[in-house]
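Asks: Have a look at the structure that comes next, please.
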Amino acid sequence: MENRIVCVPGQRLCRLDSTHTLGKGTYKRQDYIYSSLAGIVNVDNTNNKISVVEVLSKDQTIVPAPGDIVTAMVTTLNQDMCKCLITSVCGHELNETYRSSLRRQDVRMKEIDKIDMLQCFRPGDIILARILPMTEAHTFKLTTAENELGVVIACSEYGHPMTPISWTEMKCTKTSAVEYRKVAKIVQDNADENT
Amino acid sequence: MDLLSRQGLRTDGRRSGELRRIRCKMGVFNQPDGSAYLEQGNTKVVAAIYGPHEIRTNRAKAPNDSAVINCQYSMATFSRSERKRRPRDNKSAELTLHLKQAMATAIKTDLYPKSQIDIFVQVLQSDGGNYSVCVNAATLALIDAGIAMEEFVISCTSSLANGETPLVDISHLEETMGGPSLTVAILPISGKIAMLETSQRIHINHLEPVLTEAVRGCRYIYENLNKIIKKHYEEIGGALNWGTEEYNI
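Note that the protein sequences, when read in sequence, are chains F and G. When we follow the numbering used here, the leftmost residue of the first sequence carries the number -13, and every step to the right adds one. When we follow the numbering used here, the leftmost residue of the second sequence carries the number 970, and every step to the right adds one.
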């Protein structure tokens, strides 16, 4: 990238019109695009019709937002909900964890009333989940009611890693014991995690 | 003793509209998410930013759709000619609120829902305009932390010498001996005023020239900091490949 423009917060970048749109690290004020970060200006022309003006910075601060796919670790579990710690958002690792909870009715789409939390998760499991829209609650609410969401990494009772054998069962690699989980259907090349 | 000599020089040799030397460094600490050191004349300040992270204080009161800004202003016990007993007192609590108010006008809090941003500033050496230097240092540290802001928040002080001439960027001596001192924090691009305070009553006829002089001082500081930040980012940005590697994961 030659002759790059270094910008600072509040710097006017260009007009907001039918050919330019807002990207990361920018905001709009009175028909102009302004920068909200310090970094370099990048104009993304991959789409021929409209180019995205964004600011690339050394470290982007990310916080979980509704609709994001997150990686979380299950910490505590009871019959109604389980508590999780969000460790990364959309494939970006967070500096520190955020608390969240996953209620029983959000575990899967079908047969909600038959869910037994103990047959879906165990403390220590690494899960993929989606953040539900904000409510008045203080913590983030998660859902795994999609085929691609659920337990990704888990250890058996004896402490050995397990591999999925169906969407409800996982098998221990050492002892061959079968345990119940809400297993995520992993899409190859992790395309889901990076969206 | 006159604050302005007949030749038009102040006690430290500056002219009435002249500011003190500005030196700064961004990213001085490793542990916080952002930090900065700023020196305006003999006033020296460090600022550190933590966050955005999960809300830890007052979780019940926290707004649902925007970030909580938590500030702390303190003075080192060795910052003044007489040792301070406590780094934080009633005066600091007041300045903490002013600082929070000024910074909240520029930070785009709606981008960080259910999160908290901590701003800690400490005065290492005090020589007038402590609050202003703290605001400027906090702005630099926020930029270093990569927190989205609408624009800079820049603050400057000004006072009145001999009841007629406005003095910009006043020192401790001018603050204590002179007339009323005025502190203003502005958003330099849109020209909005984020904070305005006077230490005592000021005549309405004097308010405009003193305020104009303080705003001019703010713009001068803005130009300077702008240059320093751009230079800093040109130096460090190239080494980090402008964060473009993150995009290719």
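Yeah, the Cβ is synthetic: ideal placement off N, Cα and C, and Gly gets one too.
Please list, in chain order, the chain G residues whose beta carbon lies closer than 7 Å to that of arginine 85 of chain F.
Replies: Result: Glu1023.
Asks: Bridge partners for glutamate 40 of chain F per DSSP, in chain order?
Replies: For glutamate 40 of chain F, DSSP records a beta bridge to F:Asn28.
Asks: Between serine 1128 of chain G and the ligand NAP, is there a pair consisting of the residue's CB and a ligand heavy atom that are separated by less than 7 Å?
Replies: In the structure shown, the ligand NAP is absent, as is every other ligand, since no ligand is present at all.
Asks: If we ignore side chains and look at the alpha-carbon of each, how far apart do tyrosine 1242 of chain G and alanine 1110 of chain G end up?
Replies: The question about residue 1242 of chain G has no answer here: the residues shown for chain G are numbered 970 through 1218.
Asks: What separation, rounded to the nearest whole angstrom, lies between the Cα atoms of isoleucine 98 of chain F and phenylalanine 107 of chain F?
Replies: 15 Å
Asks: For a minimum of 4 consecutive residues, which ranges assigned as the alpha helix (DSSP H) are wholly contained in the segment 1129 to 1204 of chain G?
Replies: 1141 to 1146
Asks: Between G:Arg1049, G:Ala1130, G:Ala1071 and G:Ala1183, which lies nearest to isoleucine 1088 of chain G when the distance is taken from Cα to Cα?
Replies: Across the set G:Arg1049, G:Ala1130, G:Ala1071 and G:Ala1183, the C-alpha of G:Ala1071 shows the shortest separation from the C-alpha of isoleucine 1088 of chain G.
Asks: Which residues, in order along the segment 1062 to 1084 of chain G, keep a beta-carbon less than 9 Å from a beta-carbon of chain F?
Replies: Answer set for the segment 1062 to 1084 of chain G: Ala1075, Lys1077, Leu1080, Tyr1081, Pro1082, Lys1083 and Ser1084.
Asks: Among G:Phe1047, G:Val1015 and G:Thr1065, which residue has its Cα nearest to the Cα of asparagine 1039 of chain G?
Replies: Between asparagine 1039 of chain G and the set G:Phe1047, G:Val1015 and G:Thr1065, the nearest pair of CA atoms involves G:Thr1065.
Asks: Using a cut-off of 9 Å between C-beta atoms, extract the partners of valine 38 of chain F located in chain G.
Replies: Here the premise fails: no neighbours, minimum Cβ distance about 12 Å.
Asks: At a Cβ cut of 7 Å, what residues of the segment 1166 to 1199 of chain G count as close to chain F, listed as they run along the chain?
Replies: Asn1195, Ile1198 and Lys1199
Asks: Could you check the C-alpha separation between proline 50 of chain F and valine 1090 of chain G for me, to the nearest Å?
Replies: Each residue's alpha carbon lies about 27 Å from the other.
Asks: With a threshold of 8 Å, are at least 3 pairs of Cβ atoms found where one atom belongs to the segment 1132 to 1148 of chain G and the other to the segment 974 to 989 of chain G?
Replies: yes
Asks: Please list, in chain order, the chain G residues whose beta carbon lies closer than 8 Å to that of tyrosine 13 of chain F.
Replies: Lys1077, Ala1117 and Glu1119
Asks: Just to confirm my understanding: we take aspartate 981 of chain G, look at its own chain, exclude 5 residues before and 5 after, and list those with CB closer than 7 Å. What are they?
Replies: Excluding residues up to 5 positions away in sequence, Ser1140 lie with their Cβ nearer than 7 Å to the Cβ of aspartate 981 of chain G in the same chain.
Asks: Identify every residue that forms a DSSP beta bridge with proline 1032 of chain G.
Replies: Beta-bridge pairing links proline 1032 of chain G to no other residue.
Asks: Would histidine 124 of chain F count as contacting chain G if we go by Cβ distances under 8 Å?
Replies: yes
Asks: Taking the alpha-carbon positions, what's the isoleucine 1198 of chain G to alanine 1154 of chain G distance?
Replies: 19 Å
Asks: Is it the case that the segment 59 to 67 of chain F contacts the segment 24 to 41 of chain F, given that we only count it when at least three CB pairs across the two stretches are under 8 Å?
Replies: no
Asks: Is the CB of tyrosine 1202 of chain G under 8 Å away from at least one CB in chain F?
Replies: yes
Asks: State the DSSP-derived secondary structure class of arginine 990 of chain G, mapped to helix, strand or coil.
Replies: Three-state DSSP puts arginine 990 of chain G in coil, outside helix and strand.
Asks: Just to check my reading of the structure: aspartate 92 of chain F and alanine 131 of chain F have Cβ atoms closer than 8 Å, yes? What is that Cβ distance to the nearest angstrom?
Replies: About 6 Å separates the Cβ atoms of aspartate 92 of chain F and alanine 131 of chain F, confirming a contact at the 8 Å cut-off.
Asks: Please name the residue in G:Ser1127, G:Met1044, G:Ala1117 and G:Gln1085 whose C-alpha comes closest to that of alanine 1183 of chain G.
Replies: G:Ser1127
Asks: If the criterion is Cβ atoms closer than 8 Å, does the pair glutamine 1085 of chain G and isoleucine 1024 of chain G meet it?
Replies: In contact: glutamine 1085 of chain G and isoleucine 1024 of chain G (Cβ atoms closer than 8 Å).
Asks: In this structure, does DSSP put isoleucine 172 of chain F in helix, strand or coil?
Replies: coil
Asks: Below 8 Å, how does it come out for the segment 997 to 1007 of chain G and the segment 1098 to 1116 of chain G: are there three or more Cβ pairs, yes or no?
Replies: Verdict: yes, contact present.
Asks: Contact criterion: CB-CB distance below 8 Å. Does isoleucine 1158 of chain G meet it with respect to chain F?
Replies: Yes, contact with chain F.
Asks: In the structure shown, what three-state DSSP assignment does asparagine 1027 of chain G receive?
Replies: In the three-state reduction of the DSSP assignment, asparagine 1027 of chain G falls in the coil class, being assigned neither a helical nor a strand state.
Asks: Can you grab the Cα-Cα spacing for the pair alanine 177 of chain F / serine 1168 of chain G, in whole Å?
Replies: In this prediction, alanine 177 of chain F has a pLDDT of 49, which is less than 50 and means its spatial position is unreliable; nothing more can be read from the coordinates.
Asks: Apart from the five residues on each side of it in sequence, which residues of its chain come closer than 6 Å, Cβ to Cβ, to arginine 89 of chain F?
Replies: These residues qualify, in order along the chain: Met67.
Asks: Which of the three DSSP states, helix, strand or coil, is assigned to cysteine 106 of chain F?
Replies: coil
Asks: Spatial neighbours of serine 37 of chain F within its chain, please: CB distance less than 7 Å, with the 5 preceding and 5 following residues excluded, ordered by chain position.
Replies: Thr5, His6, Val29, Asp30 and Asn31
Asks: Could you work out which residue in F:Val(-8), F:Lys168 and F:Ile72 is closest to serine 87 of chain F when comparing CA atoms only?
Replies: F:Ile72
Asks: Decide if leucine 1165 of chain G is buried, meaning its Cβ has at least 16 other Cβ atoms within 10 Å, or exposed.
Replies: exposed
Asks: Determine the contact status of valine 173 of chain F and glutamate 143 of chain F, defining contact as a CB-CB distance below 8 Å.
Replies: Going by C-beta atoms, valine 173 of chain F is not nearer than 8 Å to glutamate 143 of chain F.
Asks: Output yes or no for whether 8 Å exceeds the beta carbon distance between threonine 14 of chain F and leucine -1 of chain F.
Replies: The sequence given here has lysine at residue 14 of chain F, not threonine. No, the Cβ-Cβ distance between lysine 14 of chain F and leucine -1 of chain F is not below 8 Å.
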